[in-house]
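The structure under discussion appears below in the form of structure tokens.
Residue numbers (the working numbering), protein chains in the order written: chain A, 1475 to 1733; chain B, 1475 to 1733; chain C, 1475 to 1733; chain D, 1475 to 1733.
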């Protein structure tokens, strides 16, 4: 049975990629689009003319679609997801900006309304698998360091993915103290420290977004690396979410938790 | 409660490493050693003088130890494991050379005797985790190639680990056909082919034993790599096996299956 | 003193990048553009209104510019470069398709007209330096293998850069025979063979264009790698050519020969 | 004509490796060994019985050998090299510990005595080539960062090779300022800073000694990496030094300066 999909933020760069993705899938059909900035006919956005376009959320009827894909803005996402849940449309959310408290509230609504969904700050499958594997490997290799590489225009360091990876590793590795007596003859060469896990950030032109987790043990090493060349890669994760959304009976945070 | 350990092949290079490992662990105690070539007192082998040395298997009493660690020879291993199981000592086996049929027979004995055990051709944790992760990633990234690198003295190619990895990936990836229309202008540059998975073997002096699994998807890549610098690394896996052996109620083949 | 530049093929993708590059440099000024397909005013192409546009070669006067940058087509390049040389404009040529014989003829013309120039099939600085360094390292490390990685849409293998690298290495390494007695248990895993240098081609979605040269020696390894993410990278090499063109007194083939 | 070689420090680990190397070469012959700790006959040290062993330097006659290879101790090296030069034996020195002032003095002696020689703190060819190539690439890629990886027992950071590489790059790159406005949300993740070149030190069990130099430019990247698995690798560099020592007419510091 074909699932009906509504795309919130369909006019944006990510929304446009989602349209192409869903159009390429057999078991899903776009039935609606939501955006405050609709200027053209559906076909100008890559949509068939039967697709209904909404410029405000409240016009969308209850159970209008099975799935609500959200790539909108930090200011809109909370109300959007709440609306989807209370109107019995399962949300798949790639928009960032939800606070911990908002996530908790949405989880409660999800339980009350008996509808599942997924909130994923990162839909890149390679990054999500890297984090999952790193967490698992840390059980056996407590000695670990992280290197992340980004283009020179990224002014903040470390990357969110690197820090999230360190957090997942820290949860899972046995108590561990590495080399307390080390000496830096050039300050800071040993990098940043998150609960004993060293993080190193590289910023160079040419690079895009890359993360490497290095584990060392007696006589051996294990290295996990992911490269994101293009945000198009997020569609790999959205596809996985679409295939699994049916099996979710609550609001899940993080794509890695449905793999 | 301290577990009692017997080491079969304790005079060999791996056996000697196992002695050091077990001596360093709090919850395990070496109580016996088996080898046809005993020449010296226990302390010459790094053992305390209370440890009993056996130069033939049949002299070992029933339930003499809790765990039988076996790093012996292809010709001895089958009888050793059979003896361990029927005498209610749980085997942890790093010796290679068991046939599929022998493994099946030992499994049956294990069930009958109601005692678990582990047979692991590869105790390198980095290699075992690499294979496990590669299998899992293949679900989401059907496009994959394998590179393995070994010292120039390794005359056969590909390595057993590379081929084993390809087999595990093949079990788990969706039906997949990559580039049927490709053209080699220099023969064989596209490497070996195992069910559509390309394998490339590098042989160079300086290298030891390394494997890299490369996954590619739209706009992203995931790479898993392991380096074995020294067989000392096998002790990481033996340690994991010692910690888990208690929880096994049958004969398990492959360290990855107890992680 | 500011050098005057004419851009042949200024309406194409590479030509447009060249316009941006030259506009950003202090010591160079665009004075003309050549293209058979001129439709708009100069400013539509990112050029100032003083720039003269030509839709045929013969309209360009003798010594009209100091430098002729050529990113045109295989069918036009030979006549273009000949025209430039005989009209005393030093050519910098990124267009591919010249035969060995045509290159020889252009070299003769260059000598007769006493004007230098550069023909470079690859203006990517990272690829050019990789080849140069690989050639040099081969003197000390005769054991070497090459891996090249490209997107899955590249149907031919190996890449031109990988083969060119192997040729340069073959010229420079001492007579060498590696492992004549090796055995493939899976056909072709040892890759392609160019004069004893093994070449391995990887084709995966997500990847762009990458080359890795691996040298091994007793107890050590040296690895050179280049990644091309975008043809924008060619502008790095064009910039180097512009800075050096003045010092060339003959027609040089290959950017590596002016570094 | 066969060259005569004296090995100072022939009883040490490196000296023993030098004996094996020279014995394997056609054009060189060991004629003497110097060590304060001689206990056995020459053949116990892998030497033929004609080789003369000295336990003090002053017993070695003028022009006793053509070449003096020195792997001794920081306290002996200065007097050894001085002795070699004044007795007309060309020194190849792998011993560390000479001060800048001592090197200057030895250079003067070398000129006065009209005999060349080589002092090389690092005889690893992969490290030496890496530094040479990094210096050259910096001319074209001013954006560069360095990662060095060592075993967890190395308590100081960064490694000497990484710092030496940064110094060579700094000499050769154009004036350069990278990202002055970057922000660390976790302190020190951007690593150490040597004249604008970021250095990152990794310390993990399993690793031996590895260095990676990463260059980035618009749309491309160039990476140089060397791995030292074993000090045996130093013999590659000693061999190169033996082949070139004849051509040196002064005291050269650094193997890279004779390549």
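C-beta atoms are modelled at their ideal positions from N, C-alpha and C, and glycine is treated no differently. Small disclaimer: the values here were computed from a predicted structure and weren't measured.
Between the alpha carbons of residue 1726/C and residue 1673/A lies a gap of roughly 46 Å. Within chain C, the residues placing a beta-carbon under 8 Å from that of residue 1679/B are 1617, 1690, 1691 and 1692, ordered along the chain. Bridge partners of residue 1699/D according to DSSP: 1697/C and 1686/D.
Going by beta carbons, residue 1705/B and residue 1693/A fall inside the 9 Å limit.
Between residue 1655/A and the set 1627/D, 1535/D, 1545/D and 1588/D, the nearest pair of CA atoms involves 1627/D.
Counting of Cβ neighbours within 10 angstroms places residue 1684/A among the buried residues, the total reaching 16 or more. Taking all protein chains shown into account, residue 1584/C has 16 or more neighbouring C-beta atoms within 10 Å of its C-beta and is therefore buried. When rounded, the separation of the alpha-carbon atoms in residue 1522/C and residue 1515/C is 9 Å. Residue 1551/A has a beta carbon lying at 9 Å or more from every beta carbon in chain C. Contact annotation: in the segment 1641-1669 of chain D, residues whose CB is within less than 9 Å of a CB in chain A are 1652, 1653, 1655, 1656, 1657, 1658, 1659, 1660, 1661, 1662, 1663, 1664, 1665, 1666, 1667 and 1668. The three-state secondary structure of residue 1633/A, taken from DSSP, is coil. The beta carbon of residue 1501/A sits closer than 7 Å to the beta carbons of 1476 and 1477 from its chain, once the five residues preceding and following it are set aside; these are given in chain order.
Counting C-beta atoms within 10 angstroms of its own C-beta, residue 1575/A has fewer than 16 neighbours from the protein chains shown and is therefore classed as exposed. Per the C-alpha coordinates, the member of 1483/C, 1484/C and 1488/C positioned closest to residue 1711/C is 1488/C. For secondary structure counted as the alpha helix (DSSP H) over 4 or more consecutive residues, the segment 1515-1562 of chain D holds these complete runs in sequence order: 1548-1560. For residue 1509/A, the closest of 1526/A, 1498/A and 1494/A by C-alpha to C-alpha distance is 1526/A. With its beta carbon less than 9 Å from one in chain B, residue 1701/D belongs to the interface. Contact check for residue 1541/C and residue 1492/C: beta-carbon distance about 11 Å, past the 8 Å limit, so the pair fails to qualify. Excluding residues up to 5 positions away in sequence, 1482, 1483, 1554 and 1569 lie with their Cβ nearer than 7 Å to the Cβ of residue 1546/D in the same chain. Of all residues in the segment 1590-1612 of chain C, only 1598, 1599, 1600, 1603, 1604, 1607 and 1611 come within less than 7 Å of chain D when Cβ atoms are compared, listed by chain position. For residue 1647/D, the closest C-alpha among the options 1608/D, 1680/D, 1535/D and 1586/D is that of 1608/D. Proximity of residue 1707/D to chain B, defined by a Cβ-Cβ separation below 9 Å, is satisfied. With 16 or more other Cβ atoms inside 10 Å of its own Cβ, residue 1619/A counts as buried.
For the segment 1480-1494 of chain A, no residue has a beta-carbon sitting nearer than 8 Å to a beta-carbon of chain B.
When 7 Å is used as the limit between beta carbons, residue 1673/B is near these residues of chain C: 1660 and 1663, in chain order. Nearest to residue 1596/A by alpha-carbon distance, out of 1589/A, 1606/A, 1587/A and 1613/A, is 1606/A.
Taking residue 1713/A as the centre and dropping the five residues before and after it, the same chain places the C-beta of 1495 and 1499 closer than 8 Å to its C-beta, in chain order.
Within the segment 1558-1571 of chain C, no residue has a Cβ lying closer than 9 Å to any Cβ of chain A. For residue 1650/B and residue 1689/B, the gap between their C-alpha atoms comes out near 13 Å.
Our two residues, residue 1529/D and residue 1593/D, have alpha carbons roughly 23 Å apart in a direct line. Around residue 1682/C, the beta-carbon contacts reaching into chain A at under 8 Å are 1703.
In this structure, DSSP gives residue 1493/B a helical state, which the three-state scheme calls helix. Just measuring C-alpha positions, the residue of 1559/A, 1634/A, 1480/A and 1670/A sitting nearest residue 1524/A is 1480/A. For the options 1589/D, 1695/D, 1641/D and 1598/D, the alpha carbon positioned closest to that of residue 1720/D is the one of 1589/D. Going by DSSP, residue 1677/A is part of the beta strand (DSSP E) stretching over 1671-1677. Between residue 1512/D and residue 1539/D the beta-carbon gap is near 17 Å, outside 8 Å, which marks them as no contact.
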